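*Asks:* Residue numbers (the working numbering): 31 to 219. Even glycine gets a Cβ: it sits at the ideal position worked out from N, Cα and C. Note that the structure is predicted; figures quoted are calculated from it, not measured. Just passing along the structure, written as structure tokens.
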């Protein structure tokens, strides 16, 4: 880990309101995995975001919109997020969204297959489309028109756009986690 966890009692005046908002959001939406240390410090991507509060606040605002106002079906979201985390081999991302995927009924075998970078069998249409969009975007080229059209047909225009933005957000999250070498939390933290 390249950045020390920031204990709540050491936060700057600029960091404190961002921390409070992040902590509240974590407790509401990101509570299936460990994201807050025993001393109240935020873990995962939230810690690097707090170290750079201007950038972190902007990313957090996008994260809130993409998470708390999501319209995509939860399993489709998690398929896209896990495919993205696996692409970057982002340990904390995989750890966190493995837990969320389980909450939404994605079984261990499919999670394991996704994390291995393989398209799981027996996905429903929404899951297949989410996987195909994420996979295509992660190849680093223009999303093929048939794949885009299938996403619009499946999720509506707004949902298809949300899916594209979701993959982009989790590319940013995964790169943040990898860039700062954010580990999976120990049970002692």
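Helix, strand or coil for residue 130 per DSSP?
*Replies:* In this structure, residue 130 counts as helix in the three-state DSSP scheme.
*Asks:* Going by the beta-carbon positions, is the gap between residue 123 and residue 115 smaller than 7 Å?
*Replies:* In this structure, residue 115 lies closer than 7 Å to residue 123 by Cβ.
*Asks:* Can you check which of these residues, 137, 146, 168, 82, is closest to residue 153 by C-alpha distance?
*Replies:* The option with the nearest alpha carbon to residue 153 is 137.
*Asks:* Do you know how far the Cα of residue 191 is from the Cα of residue 103?
*Replies:* If I take the Cα positions, the gap works out to 14 Å.
*Asks:* Could you check what DSSP says for residue 35 in three-state terms: helix, strand or coil?
*Replies:* In this structure, residue 35 counts as coil in the three-state DSSP scheme.
*Asks:* Where does residue 193 fall in DSSP's three states?
*Replies:* Three-state result, residue 193: helix.
*Asks:* If you compare alpha carbons, which of 113, 60, 46 is closest to residue 82?
*Replies:* Nearest C-alpha to residue 82: 46.
*Asks:* Per the DSSP calculation, residue 207 is bridged to which residue(s)?
*Replies:* In DSSP, residue 207 forms no bridge with anything.
*Asks:* Going by other Cβ atoms of all chains shown within 10 Å of its Cβ, with 16 needed for buried, is residue 146 buried or exposed?
*Replies:* Burial call: exposed.
*Asks:* For a test of the three-state rule: what should DSSP assign to residue 66, helix, strand or coil?
*Replies:* In the structure shown, residue 66 sits in a strand (DSSP, three-state: E or B).
*Asks:* Who are the near neighbours of residue 162 in its chain, counting only those whose CB is closer than 6 Å to its CB and skipping five residues on each side?
*Replies:* Here the set comprises 177.
*Asks:* Among 204, 43, 33, 88, whose alpha-carbon lies nearest the alpha-carbon of residue 121?
*Replies:* Ranking the options by Cα distance to residue 121, first place goes to 204.
*Asks:* Where does residue 72 fall in DSSP's three states?
*Replies:* Correct three-state label for residue 72: strand.
*Asks:* Residue range of the alpha helix (DSSP H) that residue 165 falls in?
*Replies:* Element bounds for residue 165: 155-168.
*Asks:* With a CB to CB cut of under 7 Å and the five nearest residues on each side skipped, what residues in its chain are close to residue 155?
*Replies:* Only 184 meet the Cβ criterion.
*Asks:* Could you check the C-alpha separation between residue 85 and residue 44 for me, to the nearest Å?
*Replies:* In a straight line, the C-alpha of residue 85 is about 12 Å away from that of residue 44.
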